[in-house]
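Enquirer: When we follow my numbering, the leftmost residue of the sequence shown carries the number 1, and every step to the right adds one.
Got a structure for you, questions after.
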Amino acid sequence: MNRQPSTKDSSAPAVERTIDILHAIGSTTEGLGVQALAAQTRTPRATLYRILKVLLARDFVQLADEQPGLYRLGPALGLLAGQAPPPRDLVELARPVMQRLALSVGETVKLVVLDGHDALTVAVADTGLEARVMSRIGTRVPLHIGVSQRLLLAHQPANLVRQLLAKPLEKRTAKTITDPAALRASLEALRRVDSAQGQSEGIAGVGAAAALLRGAQDEVLGALVAVYIHTGKSVAQLESLRTGVERAAQEISSWRFAQAPRPGDAQSAS
Numbered sequence: 001m002n003r004q005p006s007t008k009d010s011s012a013p014a015v016e017r018t019i020d021i022l023h024a025i026g027s028t029t030e031g032l033g034v035q036a037l038a039a040q041t042r043t044p045r046a047t048l049y050r051i052l053k054v055l056l057a058r059d060f061v062q063l064a065d066e067q068p069g070l071y072r073l074g075p076a077l078g079l080l081a082g083q084a085p086p087p088r089d090l091v092e093l094a095r096p097v098m099q100r101l102a103l104s105v106g107e108t109v110k111l112v113v114l115d116g117h118d119a120l121t122v123a124v125a126d127t128g129l130e131a132r133v134m135s136r137i138g139t140r141v142p143l144h145i146g147v148s149q150r151l152l153l154a155h156q157p158a159n160l161v162r163q164l165l166a167k168p169l170e171k172r173t174a175k176t177i178t179d180p181a182a183l184r185a186s187l188e189a190l191r192r193v194d195s196a197q198g199q200s201e202g203i204a205g206v207g208a209a210a211a212l213l214r215g216a217q218d219e220v221l222g223a224l225v226a227v228y229i230h231t232g233k234s235v236a237q238l239e240s241l242r243t244g245v246e247r248a249a250q251e252i253s254s255w256r257f258a259q260a261p262r263p264g265d266a267q268s269a270s
């Protein structure tokens, strides 16, 4: 799904339109033409041409050489980004990447970290679309429920798995894994990968695509997760979600932070 432009009142509508246009162009590596840009940003053609003319002149966008008529992000954005101070923590860095991913795939994106025997949501990027899965900062989910939680658990010390299996495991849907042998087998498979996708384990009909975030010593800091309504999704759509999450997680991990967000920071994140 495409990014939905802001509908709130603004004293600078031209600025908002320009930002919407840049976000739309940045959502694809292939580039976008005027027709697609006008549809995605709900910008009149005449206004769109004026904005693109200025952005082209200032190198904020450029025309694709191999496909005339398609616009891509220009070098001026990279120059500005290089002058920005580095993010202070993982959540601060992840937010803009998460927002781009959410707008690109049209689904809610969250960042979860390990906290005891739970996965704790410390950041959320929402599309604002009506047909979406809601997620809230501060939400906790047991580590055995859902593929994104199990992906985190699979890369933790064996002692944590033993502690988890020493108590009864909550079952939320028919697909929730509560059998110890089945859970161990799932964790063994997930231990060999950095991303996974599943559905209907925590809430029937809800799917998730998850990818690990790694730090300076290749340690697991958390997981980036896109959550979505699984029903009606095609194989191609599911694959697009998976690859989008993986690319975003790789971008965040490239900063090689030394530590994960503290669980106590979850309520102060926004």
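Here a beta-carbon is modelled for each residue, glycine too, at the ideal position from N, C-alpha and C.
Please report the distance separating the alpha-carbon of A177 from that of Y71.
Expert: On the sequence shown, residue 177 is found 177 positions in, with the first residue counted as 1. On the sequence shown, residue 71 is found 71 positions in, with the first residue counted as 1. Sequence check: residue 177 is Ile here, not Ala. The straight-line gap from Cα to Cα measures roughly 47 Å.
Enquirer: Would you check if there are 3 or more beta carbon pairs closer than 8 Å linking the region 124-138 to the region 166-184?
Expert: Contact fails: fewer than three Cβ-Cβ distances are below 8 Å.
Enquirer: Look at the alpha carbon of G33 and the alpha carbon of A76, and state the distance between them as a whole number of angstroms.
Expert: Counting from one through the sequence shown, the residue named residue 33 turns up at place 33. Counting from one through the sequence shown, the residue named residue 76 turns up at place 76. Taking the straight line joining both Cα atoms gives about 20 Å.
Enquirer: Would you report the Cα separation of K175 and I145, rounded to the nearest angstrom?
Expert: One-based indexing of the sequence shown puts residue 175 at position 175. One-based indexing of the sequence shown puts residue 145 at position 145. Cα-Cα distance, rounded: 9 Å.
Enquirer: Below 8 Å on the Cβ atoms is my guess for L143 versus A125; work out the distance and round it to an integer in Å.
Expert: Translated into the one-based positions of the sequence shown, residue 143 becomes position 143. Translated into the one-based positions of the sequence shown, residue 125 becomes position 125. About 23 Å separates the two Cβ atoms, so there is no contact after all.
Enquirer: If you pair each beta-carbon of the region 234-244 with each one of the region 97-115, do three or more pairs fall below 8 Å?
Expert: As far as the Cβ criterion goes, the region 234-244 touches the region 97-115, which means the pair count is three or higher.
Enquirer: Taking all protein chains shown into account, decide if D20 is buried (16 or more other Cβ within 10 angstroms of its Cβ) or exposed.
Expert: Numbered from its first residue, the sequence shown carries residue 20 at position 20. So D20 ends up on the buried side.
Enquirer: According to DSSP, is V193 part of a helix, a strand, or is it coil?
Expert: Translated into positions along the sequence shown, residue 193 becomes position 193. Coil, per DSSP.
Enquirer: Spatial neighbours of L165 within its chain, please: C-beta separation below 6 Å, excluding the five flanking residues on both sides.
Expert: Indexing the sequence shown from 1 puts residue 165 at position 165. Here the set comprises P180.
Enquirer: Is the separation between the beta-carbon of A223 and that of L152 shorter than 8 Å?
Expert: Within the sequence shown, the letter at position 223 stands for residue 223. Within the sequence shown, the letter at position 152 stands for residue 152. Against a cut-off of 8 Å, the Cβ pair of L152 and A223 comes out as a contact.
Enquirer: Would the region 50-69 and the region 224-235 be scored as touching if the rule is three or more Cβ pairs under 8 Å?
Expert: Judged by Cβ distances under 8 Å, the region 50-69 makes no contact with the region 224-235, as fewer than three pairs qualify.
Enquirer: Give me the Cβ distance between L120 and V109, rounded to the nearest whole Å; I'm assuming they're in contact under 8 Å.
Expert: For the purposes of this step, residue 120 is taken as residue 120 along the sequence shown, with counting starting at 1. For the purposes of this step, residue 109 is taken as residue 109 along the sequence shown, with counting starting at 1. Between V109 and L120 the Cβ distance is about 16 Å, and since that is not below 8 Å, they are no contact.
Enquirer: Of the choices A210, G138, G198, whose alpha-carbon is the least far from that of T231?
Expert: Against the sequence shown, residue 231 aligns to sequence position 231. Ranking A210, G138, G198 by Cα distance to T231 puts G198 first.
Enquirer: For G116, which option in L80, L160, S148 has the closest C-alpha, if you only look at C-alpha atoms?
Expert: For this step, residue 116 is matched to residue 116 along the sequence shown. Answer by Cα proximity: L160.
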